[in-house]
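> Here it is: the structure, laid out below.
6 protein chains.
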Amino acid sequence: MSLSKGLDKYLLEVRKLNNMGRWATEFMHSRTTVSEHSFFVTQIGQMLALIEEENGNTLDWGKLFKKLLNHDVVEAITGDIISTVKHKSNEMRNMVSVIEKEIAEENLFCNMEEPYKKIYREILFDGKDESLEGQILKASDHIDALMECIGEIRLHNKSPFVEKYYIILEKLKTIELSSVQYFVSSILPEIVSGCGEMNCE
Amino acid sequence: MSLSKGLDKYLLEVRKLNNMGRWATEFMHSRTTVSEHSFFVTQIGQMLALIEEENGNTLDWGKLFKKLLNHDVVEAITGDIISTVKHKSNEMRNMVSVIEKEIAEENLFCNMEEPYKKIYREILFDGKDESLEGQILKASDHIDALMECIGEIRLHNKSPFVEKYYIILEKLKTIELSSVQYFVSSILPEIVSGCGEMNCE
Amino acid sequence: MSLSKGLDKYLLEVRKLNNMGRWATEFMHSRTTVSEHSFFVTQIGQMLALIEEENGNTLDWGKLFKKLLNHDVVEAITGDIISTVKHKSNEMRNMVSVIEKEIAEENLFCNMEEPYKKIYREILFDGKDESLEGQILKASDHIDALMECIGEIRLHNKSPFVEKYYIILEKLKTIELSSVQYFVSSILPEIVSGCGEMNCE
Amino acid sequence: MSLSKGLDKYLLEVRKLNNMGRWATEFMHSRTTVSEHSFFVTQIGQMLALIEEENGNTLDWGKLFKKLLNHDVVEAITGDIISTVKHKSNEMRNMVSVIEKEIAEENLFCNMEEPYKKIYREILFDGKDESLEGQILKASDHIDALMECIGEIRLHNKSPFVEKYYIILEKLKTIELSSVQYFVSSILPEIVSGCGEMNCE
Amino acid sequence: MSLSKGLDKYLLEVRKLNNMGRWATEFMHSRTTVSEHSFFVTQIGQMLALIEEENGNTLDWGKLFKKLLNHDVVEAITGDIISTVKHKSNEMRNMVSVIEKEIAEENLFCNMEEPYKKIYREILFDGKDESLEGQILKASDHIDALMECIGEIRLHNKSPFVEKYYIILEKLKTIELSSVQYFVSSILPEIVSGCGEMNCE
Amino acid sequence: MSLSKGLDKYLLEVRKLNNMGRWATEFMHSRTTVSEHSFFVTQIGQMLALIEEENGNTLDWGKLFKKLLNHDVVEAITGDIISTVKHKSNEMRNMVSVIEKEIAEENLFCNMEEPYKKIYREILFDGKDESLEGQILKASDHIDALMECIGEIRLHNKSPFVEKYYIILEKLKTIELSSVQYFVSSILPEIVSGCGEMNCE
């Protein structure tokens, strides 16, 4: 096989996340790319982790950052299947999950050599589990979506972002981390202020 | 129910096709929207039909145009699931097809009243069957994709569009219409000329 | 002449409609291209025709779709002369009309062979006459413009789109089709709702 | 009338030139706006004038800059009628010229008060005459178009910009100014170098 | 040296102003380029000068236009250092000013021959002095910034543009020209009208 | 002070990196934002670290990711001063560094409360030191720039990206990490292949 062990292909695939916009079916004043989303999710997760530490909890920073940074890399290969479709049914969710793995095998890992094949396979599919780090990832993904909604609403693009905001906020509140509770009660109200149409009770 | 019988909602949903770009994971100099794609597929289908008529075949123009114009409208609701995913397996294709119908029911038809509900349900899901009109739709969809590839290659954006060009061309050639044979043998070579990297044998 | 009979050139010219934005002198949050406009006008026309049929009228679907789909194709060659200029005077309108035909002859039809030359010449210049199909085209063109105004106003881009909205609405109301009356009285109010600045009496 | 004497309206109209792209029917990697074009034409004219002075000619700098800066301001009101149309015939050119003046009167000057009405009317319609300053304007307009072609060709966007390049170059060469001859013989070859497809003999 | 005396390089550098957007750190609905800014500053300066003449003052139009047109050309080489940084301290301002000159020498003038080297060196660094023309430049630069703020506020992009508007307005008012006073008291209120959130006392 | 301890302000400032494009003075087919750059630098750093571990070296993953993720956050406040300016002289570099800290204090930290103020102050200014993690950051920053150059060259945008490519490659080679040597000798040649204009010896 090649000297590069397939790592060149990995970098070129990841770079495609720059081409992919989120919320594909909606008009947005400021459509973020999946790369920008991944960066910001990682920033949010870093903040939640700092708050967790202040609250006396400990976490594995290396594990956390890997989860945050890589959680959407597979989309470079599969595209961003909108969540209405992905979460339509358990059957669909499982099907998508299986397919994503197959496509990643065929388009990415089949060209990668050990030990990197094993390492990246773990990294790319190690996501939103019930560990503290997994929960922080789940919360950060929701918080980034909330902030995208807020950004649009502030610029008067209300439909469908006001409605989405409340739906996502409800999901966020179900995550029982002290950092999330602090975000919802103390940080979010400041972010939303001046955005008269909303409250975040 | 409302005086509008849900027709306002239909128009607003279709308009979302302006927001949706094709080939989501690739860099493109000129990314077309699903609306632009639908327009051009209809133009190509019109041309193929004129050629069929010159060859002595008859077709139902109303049926043809409805197929061409509406073949991607459902994507306004489901997003553009990239074809690598959609066509990964028969199981996936069927699953996607079922889900698309369910989502269309829940987000579009549930708000529509008769007789329009029945009419649009037929229009939106009456696609690439084996009728002459259905085959023209299938061919037009491929030809538009070919022309998108050619447009990018002409501007020196070769990867992955040269490869895609040849894959799509093979699919096109399997459609046994005289208009398609004429397109491949006589029109396509002129379109490709000046695009030195390719031939279209 | 060439094997393609000039049909390659026709497709390449039509594709230019993807490059051309509407309302050239105004700032827009979401500028549609002439291709997107043509697609949506055809969708609106399809809806008006369905409503006409419900009202017991009959129409020629093939003729209708050809009018709708092709009504702005000539602009690919002449550019989109803004309507303030085009409709400045009868003299100007006639002059523009004559020039458009000459330019189409020189840049498109001179390279096209029979029978396609005759067919496309008819298709491209068969527009807003007094037939039912011609009136549906005229109405659809206005309704698309209305919806572009509404889209901008909803995003707080009020000047000059509020003013344009009312001007176009008046023109629409002069078209005496039952489908148009139904659109104005029953569909438009739903579309405008939530757009507090306007009413559509 | 208003305290502003209509000068607010003038500024708001001129600002629309930021919205208007040139070469409306063509794909461009880098479409310039009419404002950017006007800026660059003025820069080119400044250079030609400096060269003229080096050659011992004298010119009226105030008059020159006014011609250069304002030569396309009227387009903010009329839109950019593409030159194929505008220069189709003498009759068309005269017609467009008359209409442009009428529209400027109705949309701009009717709201302006003296003395500014008289001053701006002169400024906006004092263009490409046979004075040295008028000829510099004409040459600068061509040179900017040449440089737009070169920019696209350099990025591999050859059709139709190679062809346009040679047509415009011929027009430029008909202007008998020493600064233009110097530009064509000594500056242009350097600009074109590295752009292998062209020479500028 | 070359026949072009380095003038080709000057034109290519200036053209880069088309690539550079203003207000780099803020979201804007309509981000102007440095070329568009330069064009509009020159238009504003022309208006202020006409008003000065009406008030009986005389000015050197050639000198004025050169100041207006060229005041940001050096940015094509140095980039647009945001003003918060540039004006952080006198030390910083002086440092930036020295560096800009050095970079211009190394990247532009070192390739230019006399007499153009001397002429352009004067033109590019002859800016906001205390002459009438220099004061008009300073005022025009502020007025363009005000109008960019107004444009964004009108489209509901209030933060940080409302705050910036008032800061810039205060700076503008410190310029003691009768044309500026007229602009502030009589033209600006008309421009701002309909933009309910602001007054311009 | 506020309940949010200034963390809301931090998130809003970081989000501005989505607005900021890199290589401000150059035309680019695909201009990346500072957020996208930060994401990709972190991906590259993760890869280099995995290679270091394979080579038997150990590193602090938490420390590494913090360096990678946050290395350009301060630019959200100061803007992206182009490197030609920043690295013009030691004096300039020091000056910029001092100013950046002052501006961060005034615009970010003055609103932040302990303990976060102390933590983020460390995170944001802990960059390219001589630790293994600091060297990986430095290398990753160069590799991302290389890949931006390659992306443009592949699309035929050669000037100035071919020249920049070689300059950056030289800088990269001065970093004496085994992962960097492996990247240069084994991964980069694969990435560059098909990009005929370059070699990467």
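Residue numbers (this note's numbering), protein chains in the order written: chain F, 414 to 614; chain G, 414 to 614; chain R, 414 to 614; chain P, 414 to 614; chain Z, 414 to 614; chain L, 414 to 614.
Just so it is clear, CB atoms sit at the ideal spot from N, CA and C, and this is done for glycine as well.
Only a predicted model underlies this, so the values are computations on that prediction, with no experimental measurement involved.
Which of the three DSSP states, helix, strand or coil, is assigned to Z/G564?
The answer is helix: DSSP assigns Z/G564 an H, G or I state.
> Is the number of C-beta pairs between the stretch 437-452 of chain F and the stretch 486-506 of chain G that are closer than 8 Å three or more?
Yes, since at least three Cβ pairs between the stretch 437-452 of chain F and the stretch 486-506 of chain G fall closer than 8 Å, the two stretches touch.
> Out of F/T497, F/R506, F/R534 and F/I516, state which residue places its alpha-carbon closest to the alpha-carbon of F/I580.
The candidate whose alpha carbon is nearest that of F/I580 is F/T497.
> Select from the stretch 424-442 of chain R all residues with a C-beta closer than 9 Å to any C-beta belonging to chain Z, and list them in chain order.
Of all residues in the stretch 424-442 of chain R, F440 and H442 have a Cβ within less than 9 Å of some Cβ in chain Z.
> Tell me the residue span of the alpha helix (DSSP H) that contains L/H450.
Residues V447 to E467.
> Can you pull the chain F residues whose beta carbon is under 8 Å from the beta carbon of G/I566, in chain order?
Per Cβ cutoff of 8 Å: no residues; G/I566 is ~17 Å from chain F at best.
> Three-state secondary structure (DSSP) at G/G492?
Correct three-state label for G/G492: coil.
> What is the DSSP secondary structure of Z/G434, counted as helix, strand or coil?
Z/G434: strand per DSSP, three-state reduction.
> Are the stretch 534-553 of chain Z and the stretch 466-486 of chain Z touching by the rule of at least three beta carbon pairs closer than 8 Å?
These segments touch.
> In chain F, what lies closer than 9 Å to L/E488 by C-beta?
Chain F residues near L/E488: none, gap ~13 Å exceeds 9 Å.
> What whole-angstrom Cβ distance do P/G458 and P/S599 have, given they're in contact under 8 Å?
Actually they are not in contact, since the Cβ atoms of P/G458 and P/S599 sit about 18 Å apart, beyond 8 Å.
> Would you kindly report the start and end of the unbroken alpha helix (DSSP H) that includes P/D421?
First-last of the alpha helix (DSSP H) with P/D421: L420 to R428.
> If you measure beta-carbon to beta-carbon, which residues of the stretch 579-594 of chain Z are closer than 8 Å to chain P?
Those residues of the stretch 579-594 of chain Z that come within reach of chain P (Cβ to Cβ, closer than 8 Å) do not exist; the list is empty.
> So what's Z/G547 in DSSP terms, helix, strand or just coil?
Helix.
> Compare the beta carbon distance of F/E515 and G/K501 with 8 Å and say whether it is the shorter of the two.
Cβ atoms of F/E515 and G/K501: closer than 8 Å.
> Report all residues from its chain with a CB closer than 6 Å to the CB of G/T445; omit the five preceding and five following residues, and keep chain order.
Counting only Cβ-Cβ distances below 6 Å, and skipping sequence neighbours, we find R435.
> Does the beta-carbon of G/N431 have 16 or more other beta-carbons within 10 angstroms, so that it is buried, or is it exposed?
Its Cβ being crowded by 16 or more others within 10 Å, G/N431 is buried.
> Output, in sequence order along the chain, the residues in the stretch 496-514 of chain Z whose CB is closer than 7 Å to any CB in chain L.
Result list: T497, V498, K501, M505, M508 and I512.
> If F/I563 and F/C608 are in contact, beta carbons under 8 Å, what's the gap, nearest whole angstrom?
F/I563 to F/C608, Cβ: 6 Å. Contact.
> Residues of chain G with CB under 8 Å from F/I516, in chain order?
Residues of chain G passing the Cβ test: T497, V498 and K501.
> Within 7 Å: the Cβ of Z/A517 and any heavy atom of the ligand MN?
This structure lacks the ligand MN, and indeed carries no ligand of any kind.
> What do you get for F/N468, buried or exposed, if any count of 16 or more other CB atoms within 10 angstroms of its CB means buried?
So F/N468 counts as exposed.
> Leaving aside the five residues before and after G/R567 along the sequence, list all residues of the same chain whose C-beta is less than 6 Å from its C-beta, in chain order.
Contacts found: C608.
> Quick check on Z/M508: does DSSP put it in helix, strand or coil?
DSSP places Z/M508 in helix when its eight states are reduced to three.
> Straight-line CA distance for R/S448 to G/E449?
Those two C-alpha atoms are separated by around 5 Å.
> My assumption, with CB atoms under 8 Å, is that L/K499 sits in contact with L/V509. Please give the rounded CB distance.
Yes, L/K499 and L/V509 are in contact; Cβ-Cβ is about 5 Å, under 8 Å.
> Since L/K584 is in the alpha helix (DSSP H), which residue starts that stretch and which ends it?
Note, L/K584: alpha helix (DSSP H), F574 to K586.
> Which residue marks the beginning of the alpha helix (DSSP H) containing Z/G475, and which one marks its end?
Where Z/G475 is concerned, the enclosing alpha helix (DSSP H) stretches over W474 to N483.
> Please tell me whether Z/H442 and F/H442 are closer than 8 Å, where the distance is taken between their beta carbons.
Yes.
> If you measure beta-carbon to beta-carbon, which residues of the stretch 546-573 of chain L are closer than 7 Å to chain G?
Listed by position, the residues of the stretch 546-573 of chain L near chain G (Cβ gap below 7 Å) are L568 and H569.
> Work out the CA separation of R/L521 and G/G419 for me, nearest whole Å.
Looking at the two C-alpha atoms, the distance is approximately 42 Å.
> Mapping the DSSP letters down to three states, classify G/N470 as helix, strand or coil.
The answer is coil: DSSP assigns G/N470 none of H, G, I, E or B.
> According to DSSP, is L/P602 helix, strand or coil?
In the structure shown, L/P602 sits in a helix (DSSP, three-state: H, G or I).
> So, at 8 Å on beta carbons, what are the nonlocal neighbours of P/V597 in its own chain, with the 5 sequence-adjacent residues on each side left out?
The residues are L582, L585, K586 and C613.
> Is it right to say F/L416 is buried, meaning 16 or more other beta carbons lie within 10 angstroms of its own, or is it exposed?
Per the 10 Å Cβ criterion, exposed.
> For G/K480, collect the residues of the same chain with a Cβ closer than 6 Å to its Cβ; drop the 5 residues on either side in sequence, then sort them by chain order.
Closer than 6 Å at Cβ, skipping near neighbours: E546 and L550.
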